[in-house]
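Reading through the structure tokens given below for one structure.
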Amino acid sequence: MEKFSPEEVIIYIIDEKSDTNLEISYKDLKFYLERIWGTKDIKIIRGKPDFSTQKDKVIIWFTSSQDGKDLLKDNIKDGFIIKRINLSGQSKLFIIYAPDEKNLSYAVYKFLELLGIRFFHPMQEFIPEYKNVYLPRDINLKLSPYFKTRGTHLHLLHPIEYFNSFNIAGDENLEEAKKFIDYIVKTGQNYIQWSILKTLDFKSWFEHARKIIGYAHARGVSVGAEIQLLGISSLQNSYVLTESESNWQEQIASQIDFLMQVPWDNIEIGFGEFFSGEPEKVVEMLNFIADYMNKNHPKTTVSVVNHIGNYPELWVKYNNQTVFYYHLPKFANPRIINNVHTVFFFDLYRDWGMYNHPNFHLQREYMMELLKESRVVRYKPESAYWATADIDVPAFLPEYIYSRWIDINGLVKEISEKKLPMIEGHVIFSSGHEWGYWMTDYLTAKMLWEAEENFEHFIENYAQIYGNCQDDMKRILLEFINMQTEYLFENRLIPYISVEDFYDDIGYMAQIETHPKRVQFEEFLSMSQEEINSFENRVLKKIYEMAEKIVPLEKDTEKLCNGSDDFIKIWCLEILDGIKIVRLRLLHSFNLYRAVIDGIQGKEYKNSLEEAVKLREEAKKVVSAREKYYRFPLERLVGSYQNPTIYPFGYLRLAHTMCGWERQEKQASYVIENKSKPPLSELPTCID
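What follows is the structure, encoded as structure tokens:
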């Protein structure tokens, strides 16, 4: 970076008043520059610079003009160019060119990030304060988005931190929603979608939603609503189009018209989970919806979620062929957008999956099949699963970031090699931002503009905030992610990080597994010694090995945090707490299994059980210490309260009660003492 005085710098923007979105971006430009440069003396002029009269000046020019394009001797149809040019007479020009105002708005925020700002989280940004003017010594950047639609789905069927923001009317909630819309623009996205529940107070919510959408449209952001097609497969209070097959046309039309009192840009239809409808009827309903929307709400597109679930009832007969239920939309009206879904940190390429799938290759193959037919396809992977699997354990799993990179990088390469039309969009399925999960959403948004960059490039994007220590943080994160890849993914140890609640156990009874299932404690009662030895080598040994490897990383992170300035330390501590909690959870699992194996064999086991309890208590301190850093009121995140979802608590309540950890302690003790599986009545439900 090169240092200048405020008097040397002149900023030029488009001379005529721009659209609302760009005007907000210019306002932000001034605000952020004043913050990082520590001066109010920033000259922002509407018009074109006169280079002949501004010698020895530093000119920053935001433009969509032909003059700007001619000066660059370059062109771009979608995206922007940021370049430093040294002019004659010692003048220095930073030209930020985009072909239109929407792309110029994205360029404003990218320029600010080049100066060191990071728009990490809707409620908390990283803004360094240099107290001097610093600009890049050299920059020649040309970026175009790989996908037309780039967005975030807020999964508000879960009581995550943004539930009130979007689904409960109120001035404070509206301001939170607007900040999220701003975050969408700042991170180069253009679409937001959230789940609609049938239990909302629609009378007040309609006006609230209109205000959100009005602001989103002013910022160039399209807005979608996710709802469900059939009541039979809606398990979480989702807004449903039809509850029965009798007079279903009237039901669907009525429900659509009711919802369209809000000017949605997209209606996305889910098929639910675990249960299927009658195939011919489902296709007929989809065709009806496509035609009805085209006739009555022609400005609103229709999409479907192609979910997953490898269960017998989800392989159905249609036109004398066996079809995966969630792939039935390929037989429906081609105007319908297919939004192909995967879950957890599983991706489209590697060999593992969930919901009884060995992998999610069938979803990738389905996408390629649709692209060959020139159908509109989007991809909808997750950045957190919630529901006892990750963020609410709690466990920091940046393996998610790696999985999202595998998908985006892999899809762009595969589709290009096959000379198929690119997928139309990528919509990240978000289930909470605390415990470092904001990083997956933020870096995934970056990948949508830089899909062909290597994985390290994106970790560097985060690590750069650490200045001279950025290489240390980059190494720490990459090593931690590599460990998760090796142990949690390749050695299949993620079940020993996740926990369970009452719903998980009920699912097991119905032969339904959502996240990967661990070996249950009672299974050791019937194992041979050879089988126990195999488990110890394949699982226990690896769990302990990973925990031991984390120790030096944890120490390095702690040292880095202790040496950081306060405004960096708050970000560093989130990484430290995340690394620490994963180590503690691994050791907690290790000691419980050690106790069970020793206990049923008549060996001393109480020390291992007591150690597990101590580890949980230590983890509880880590979790409690994190409370003061949360970006929303604590009660909203961890409290017990009624709300429109089926979950009467905040989404991090399980993490703060440590109920999942304690539940496994009780399971282990019961198996040792009673030599049988514990009945559910003996265990905490962890759902209240």
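Residues 444 to 1131 in this note's numbering are what the sequence shown lists, from first letter to last.
C-beta atoms are modelled at their ideal positions from N, C-alpha and C, and glycine is treated no differently.
Cβ pair residue i, residue j closer than 8 Å
| i | j | result |
| --- | --- | --- |
| ASP471 | VAL551 | yes |
| PHE649 | GLN692 | no |
| TRP881 | PRO837 | no |
| SER846 | ASP790 | yes |
| LEU599 | PHE590 | no |
| VAL786 | TYR768 | no |
| ILE582 | LYS526 | yes |
| VAL452 | ILE485 | yes |
| ILE710 | ARG793 | no |
| VAL1065 | ILE1022 | no |
| GLN1107 | VAL942 | yes |
| ALA827 | THR957 | no |
| ILE872 | PRO824 | Note that residue 872 is Phe in the sequence shown, not Ile. Yes, the Cβ-Cβ distance between PHE872 and PRO824 is below 8 Å. |
| MET811 | LEU771 | no |
| VAL783 | GLN636 | no |
| LEU465 | LEU536 | no |
| PRO841 | ILE924 | yes |
| PRO449 | THR482 | yes |
| TRP504 | ILE560 | no |
| ARG1074 | MET566 | yes |
| PHE788 | HIS750 | no |
| ILE524 | LEU515 | yes |
| ILE1115 | GLY1042 | yes |
Outcome for residue i when other beta-carbon atoms lying within 10 angstroms are tallied against a minimum of 16
| i | result |
| --- | --- |
| THR1000 | buried |
| MET952 | exposed |
| PHE803 | buried |
| TYR394 | Outside the modelled stretch of the chain, which goes from 444 to 1131, sits residue 394, for which no answer is possible. |
| LYS742 | exposed |
| ASP510 | exposed |
| PRO755 | exposed |
| ASP625 | buried |
| ILE712 | buried |
| ASN518 | exposed |
| SER468 | buried |
| GLU1017 | buried |
| SER587 | exposed |
| THR887 | buried |
| GLU669 | buried |
| VAL994 | exposed |
| LYS889 | buried |
| ARG580 | exposed |
| PRO1150 | One cannot answer for residue 1150 here, as it falls past the ends of the chain, which runs 444 to 1131. |
| PHE967 | buried |
| ASN904 | buried |
| ILE949 | exposed |
Rounded distance between the beta-carbons of residue j and residue i, thought under 8 Å
| i | j | result |
| --- | --- | --- |
| GLY594 | GLY868 | 7 Å |
| ILE844 | PHE901 | 7 Å |
| LEU805 | ILE858 | About 17 Å; that fails the 8 Å criterion. |
| PHE964 | THR1128 | That pair is no contact at about 18 Å. |
| VAL820 | ASN781 | 5 Å |
| PHE563 | PHE554 | Not a contact, Cβ separation roughly 17 Å. |
| PRO777 | ARG818 | 6 Å |
| TYR658 | LYS622 | Contact doesn't hold; Cβ gap of about 10 Å is too wide. |
| PRO602 | PHE1092 | 7 Å |
| ILE675 | MET728 | At roughly 13 Å, the Cβ-Cβ gap does not stay under 8 Å, so ILE675 and MET728 are not in contact. |
| ILE834 | GLY796 | Actually they do not touch by this definition, with Cβ atoms about 20 Å apart. |
| VAL747 | ILE779 | 6 Å |
CB contact check: residue i to chain C, cutoff 8 Å
| i | result |
| --- | --- |
| GLU650 | Absent from the structure is chain C; it holds one protein chain and no more. |
Heavy atom of the ligand MN within 7 Å of residue i beta-carbon
| i | result |
| --- | --- |
| PHE569 | In terms of ligand content, the structure shown is empty, and the ligand MN therefore cannot be addressed. |
Quiz item: Can you list, in chain order, the stretches of the alpha helix (DSSP H) that have 4 or more residues and sit fully within the segment 788 to 841?
Solution: Runs found: 804 to 815.
Quiz item: Is it true that the segment 617 to 637 meets the segment 657 to 668, where meeting means three or more beta-carbon pairs spaced less than 8 Å apart?
Solution: yes
Practice problem: Note down, one range per segment and in chain order, each beta strand (DSSP E) of at least 3 residues found wholly within the segment 624 to 681. | Solution: 634 to 638, 665 to 673
Quiz prompt | Uninterrupted alpha helix (DSSP H) stretches inside the segment 510 to 556 (no shorter than 4 residues) | solution = none
Quiz item: If we count Cβ pairs, one from each stretch, closer than 8 Å, do we get three or more for the segment 718 to 728 versus the segment 758 to 766?
Solution: yes
Quiz item: Which parts of the segment 864 to 927 are runs of the alpha helix (DSSP H), unbroken and 4 residues or longer, counting only runs that do not cross its ends?
Solution: 881 to 890, 898 to 906, 913 to 926
Practice problem: Would you check if there are 3 or more beta carbon pairs closer than 8 Å linking the segment 929 to 939 to the segment 979 to 990? | Solution: At 8 Å Cβ cutoff, the stretches touch.
Quiz item: So does the segment 538 to 548 actually touch the segment 562 to 579, counting three or more Cβ pairs closer than 8 Å?
Solution: no
Self-check item: Cβ contact (3+ pairs, closer than 8 Å) linking the segment 915 to 927 and the segment 1081 to 1100
Solution: No, they do not touch.
Practice problem: Check whether the segment 992 to 1007 touches the segment 889 to 901, counting contact only when three or more Cβ pairs, one atom from each stretch, lie closer than 8 Å. | Solution: no
Practice problem: Count the C-beta pairs between the segment 486 to 494 and the segment 454 to 465 that are closer than 8 Å, then say yes if the count reaches three, no if not. | Solution: By the Cβ test, the segment 486 to 494 is in contact with the segment 454 to 465, since at least three Cβ pairs between them sit closer than 8 Å.
Quiz item: Between the segment 1037 to 1057 and the segment 903 to 914, are three or more C-beta pairs nearer than 8 Å?
Solution: Segment contact: the segment 1037 to 1057 against the segment 903 to 914, fewer than three CB-CB distances shorter than 8 Å; contact not assigned.
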